[in-house]
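First comes the structure, then the notes that go with it.
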Amino acid sequence: MKSREAEMVEFFATPGYGETQRDDMHYSQAVRIGDRVETSGQGGWDDAFEFPEALEAEIVRAFDNVERTLREAGTSWGDVVHVNSYHVLGDDSFDDHNRVMVEQFRARMGERRPIWTESGVTALGHPKMRVEIRVTAVN
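In this text, residue positions in the sequence shown follow our numbering: the first is 13, and each later residue adds one.
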């Protein structure tokens, strides 16, 4: 017999890349538990796992992928309360990353100001990745 909490858990695969990851790597892009949605880390890839050369384009696409994943789980950037971002700096500085991150926060969340934890890392899940974003939303 399932517990009440187990019945409230629903997993989501973002159409395109999320379905590939679900089938090939056995994980989901988001989980909804009641009114809370958690996403897995979203990179700046397209559905074929290609990455833009420009850092800004990669970060914007990562935000787009978070948005796609949130939509699939029935929520949006307007419901985000927590952001974790992971950055491989390479030739870029935190200033380069921060400028685009903050621009996207303002554009996508307006007056909403979620909590944000930003970490510099040496590597992410794909050798071409320079940014990964995961969020928590409540709606």
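Every residue gets a Cβ at the ideal spot worked out from N, C-alpha and C, and that includes glycine.
Rounded to whole angstroms, the gap between the alpha carbons of Gln54 and Arg73 is 9 Å. Taken through DSSP and simplified to helix, strand or coil, Gly56 comes out as coil.
If you ignore the 5 residues before and after Thr129, its C-beta comes within less than 6 Å of the C-beta of Asn96, all in its own chain and listed in chain order. Distance from the CA atom of Ile127 to the CA atom of Val92, rounded to whole angstroms, is 9 Å. Around the beta carbon of Asn110, a 10 Å sphere encloses fewer than 16 other beta carbons of the protein chains shown; the residue is thus reported as exposed. When C-beta atoms of the stretch 75 to 92 are compared with those of the stretch 106 to 121, three or more pairs fall below 8 Å, so the two segments count as touching.
Three or more pairs of CB atoms, one per stretch, sit closer than 8 Å, so the stretch 60 to 70 contacts the stretch 136 to 143.
Bounds of the alpha helix (DSSP H) holding Glu84 are 67 to 84.
Proximity to Asp58 across Asp47, Val49, Glu70 peaks at Glu70, based on C-alpha coordinates.
If the five residues before and after Glu22 are omitted, its C-beta is found closer than 6 Å to the C-beta atoms of Arg44, all from its own chain and listed in chain order. Non-local beta-carbon contacts of Gly46 in its own chain, meaning distances under 7 Å to residues more than five positions away in sequence, involve Met20 in chain order.
For Phe23, the secondary structure class from DSSP, reduced to helix, strand or coil, is strand. Note on Tyr39: under 16 other CB atoms within 10 angstroms of its CB, so exposed under the neighbour-count rule.
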